[in-house]
Amino acid sequence: MKTRHLRHIGTEAQREPHRHIYLVPLCASCLCASIFRRRISTFMRASQLLIPTLREVPADAEVVSHRLLVRAGFIRKAAAGVYNLLPLALRVVKKIEAIVREEMDRQGGQELVMPIIQPAELWQESGRWDVYGPELFRLQDRHGRDFCLGPTHEEIITDLVRNEVKSYRQLPLLLYQIQNKYRDERRPRFGLLRGREFIMKDLYSFDRDQAGLDISYQKMFFAYSRVFERCGLRFRPVEADSGAIGGKDTHEFIVFAEAGESTIVFCNHCDFAANVERAFSPPERFGVDEEPAPLREVATPGRRTVAEVTAFLGVDAKRLIKTLLFETEQGVVAALVRGDRDVNEIKLQKELGVLRCELADSATVEKVSGAGPGFAGPVGLAGVKIAADLEIMQMTNAVTGANKDDAHLVNVNPGRDFQPDLVADLRLVKAGDACPGCAHPLSATQGIEVGQIFKLGDKYSKVLGATYLDESGQARPVIMGCYGIGITRTMAAAVEQNHDENGIIWPFSIAPFHVVVVPVSDRDEKQMEMAQKTYASLLAAGIEVVLDDRPERPGVKFKDADLIGYPLRITVGKQAVRSGELEVKKRAGGETTFVPAEKIVSYVREIIEGALAG
RNA sequence: CGGGAUGUGGCGCAGCUUGGCCAGCGCGCUUGCCUUGGGAGCAAGAGGACGGGGGUUCAAAUCCCCCCAUCCCGACCA
């Protein structure tokens, strides 16, 4: 195709808006000489980009990131928990992925791609076909063979490694992919924060031994910290529970945000931080120096709750033993915690080794304890397993339900009056509890889990038979770790953390574009020409820029620029034409600077480079 | 999965209780005029058969039944 001069493209194009004018490459003497060399296939003109912004808030969007990503034209829903990523969102995703790749590669990670569709056999081999439950998307091929859509890839990668890695000489190995993942969430919600289809980076480490795993784990811990720092997020790594994936040591990377579904507790005096699911706080000693008194029953008509009982009897809640009945597949279990504590159901479930653990309904409570809810107690409670929190065994002369309506027992002494089947840490830690490290009171906050790293050990290599031969020719299971980052979730988390009432405020590092050039009046030839030139020179300098050439009134363009969240906005109005100075406004903070047109490229470049370096 | 709610042009909603005029409004969209520093104005248009199915009725968006979808609230997730 022959190159054409289009010196005055601005006004020509407005009057004659045929698509081909935009697509014709421009010659070196006028606008964008280097476009072909830069392999930019289309011009970044707002009039031609698919950025469907919405004035009104979609009715089904609740959290900020969901609302803004939909309104600003980044995502559209295809089904519950399943989204289209429109061009702007894809650009952000690619930026995050690029950062992730750099940090994984820096640690020696090798990228590969594994299948989304996975054969059931592998999952049956690992035992997770049954364990994973309804969250696993299952499907069959035409022959009736079972498959699932991968929610994670331990089975596949372990299968790969057991077939291809035979010698200690091939270890350690860090393999990762960035791939769609599928989890049929019981309740998809919050837009990209909890979808059923999402993009995730998952890396798997393979080492000879525990010491090697420790090194791989450290590498990933470091890499993850760098990734989220570079994404411009305020976050914290916290000790976590390992959940269904299994394993021992594990940390979650939590981005602080109100909308987050994770609660973490942390210490302001030392570096302790943990997910409440897993947090431990040392048992408090209370009333230990008392002499055990004789057991006695007292009438407590209608006093069911801890608050009612303590008020009625005039005792501290710390003196109560709260008895909660849970239904599990192994029958009903009574969990005992102090009156002012709550049960951590995850801990309970783990200690019991059960898959299902739900608070029993009142009918079950009545059947088991012989009394309505509020009057159950461990003394004389027959036929159910009793699990007591650590603090319980230190209590003296406690108060419990009497297993009959309108009565409690006082001077209950664990060990004397009842014997638990299990004593363990069952308590849900909350703000104010003592830090396990330094005993100062803990703080609590909400956050979004954007990454998690696990030490798996030989859990998968053993069942799937992934072994290598060591120097002495001995077969040993490879020692594994796995490390995930939710890419799309990270994008949403970034919006949760970086927005104001007008829209998104992208950090430079993951912004879809760095600059938008806005001519105030698309009918003013001088403005349009200046805007075109500014845009073209920025583009030629390799800067990620959009020209808002839509025939809209200025207010509309400003509102959209704020909503979409371009870090920099260059406005070309009457003053600019008159003075030759362009207005550059920072989205974050709103600071405005006037820059001579001929210096705009270096000025913008400096800001961007400064932001990306920092 | 339990509890609550909603499905009416692209988006946001009214209409439904007390069935009945051709199913309305705002935004967006198209065309024209006009306007151009924070989502302007005027005029003329296009676009839905009311989530799906069944039923009641002379007549159903409105009443009844079933199903589906979506959203919100609660309980082992990147």
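Going by the numbering used here, the first sequence opens with residue 138, and the numbers climb by one from there. Backbone N, C-alpha and C define an ideal beta-carbon position, used for all residues, glycine too.
Item	Value
Enclosing beta strand (DSSP E) for HIS388 [first to last residue]	387-393
Those residues which DSSP pairs with LEU784 across a bridge	Only positions 138 to 751 of the chain appear in the structure, and residue 784 is not among them; the question remains open.
Nearest neighbour of PRO578, chosen from ARG306, CYS407 and LEU227 [CA to CA]	CYS407
Outcome for ILE254 when other beta-carbon atoms lying within 10 angstroms are tallied against a minimum of 16	exposed
Identity of the residue in ASP351, ALA216 and PHE695 nearest GLY328 by Cα	ALA216
LEU527 versus PRO419, GLY369, VAL469 and ILE590, residue with shortest Cα-Cα distance	PRO419
With 16 other Cβ atoms within 10 Å as the buried cut-off, status of GLY332	buried
Among VAL615, TYR620, ILE744 and LYS696, the one whose alpha carbon lies nearest that of ASN300	VAL615
Residue nearest to LEU492 in terms of C-alpha spacing, selected from ARG243, ASP267, ALA725 and VAL201	ASP267
Start and end residues, beta strand (DSSP E) containing GLN314	310-319
C-alpha distance - PRO252 paired with VAL682, whole-angstrom precision	36 angstroms
Segments of 3+ residues assigned as beta strand (DSSP E) that fall wholly inside the segment 627-715	652-656, 682-684 and 705-709
Residue range of the beta strand (DSSP E) that includes VAL402	399-404
Neighbourhood of ASN639 by C-beta, 8 angstroms cutoff - its chain only, sequence neighbours within 5 removed	LYS696, ASP699 and LEU700
Candidates LEU225, ALA416, ALA508 and THR289: closest to GLU482 by CA position	ALA416
Per DSSP, the bridge partner or partners of LEU457	VAL536
Per-residue burial, PHE359 [other beta carbons within 10 Å of its own, 16 or more giving buried]	exposed
Validate contact between the segment 298-312 and the segment 349-356 using beta carbons, cut 8 angstroms, 3 pairs	yes
Integer-rounded CB distance, given that TYR361 should sit under 8 angstroms from ILE294	Not a contact, Cβ separation roughly 19 angstroms.
Sequence-distant residues of the same chain with beta carbon closer than 6 angstroms to ALA603, five excluded per side	THR295, VAL298, ARG299 and VAL615
Straight-line gap, PHE403 to HIS651 (C-alpha atoms, nearest Å)	36 angstroms
Continuous alpha helix (DSSP H) assignments of at least 4 residues falling wholly in the segment 410-475	443-450
Reduced DSSP secondary structure (H/G/I, E/B, other) of TYR740	helix
Length-filtered (4 minimum) alpha helix (DSSP H) runs lying within the segment 186-257	201-208 and 224-243
C-alpha distance - PHE372 paired with ALA513, whole-angstrom precision	42 angstroms
Which residues DSSP lists as bridging PRO614, in chain order	THR604
Span separating the alpha-carbon of GLY246 from that of LYS303	19 angstroms
Minimum C-alpha distance to ARG440 - residue among ALA471, GLU428 and LEU457	LEU457
From CYS619, ALA571 and ARG192, residue whose alpha carbon lies closest to that of LYS356	CYS619
Validate contact between the segment 550-562 and the segment 498-513 using beta carbons, cut 8 angstroms, 3 pairs	no
Cβ contact (3+ pairs, closer than 8 angstroms) linking the segment 203-214 and the segment 260-274	no
Test item: CB-CB of VAL435 and LYS459 under 8 angstroms	no
Three-way DSSP call (helix, strand, coil) for THR289 in this model	coil
Other residues of its chain near ARG174: CB distance less than 7 angstroms, five sequence neighbours each side excluded	Summary for ARG174: the model assigns pLDDT 38, below 50, so the residue's position carries little reliability, and this model does not support an answer.
Buried versus exposed call for THR140 [16 or more other C-beta atoms within 10 Å across all chains shown]	With a pLDDT of 34 at THR140, under the threshold of 50, the modelled position of that residue is not reliable, and the figure given next carries that caveat. It counts as exposed.
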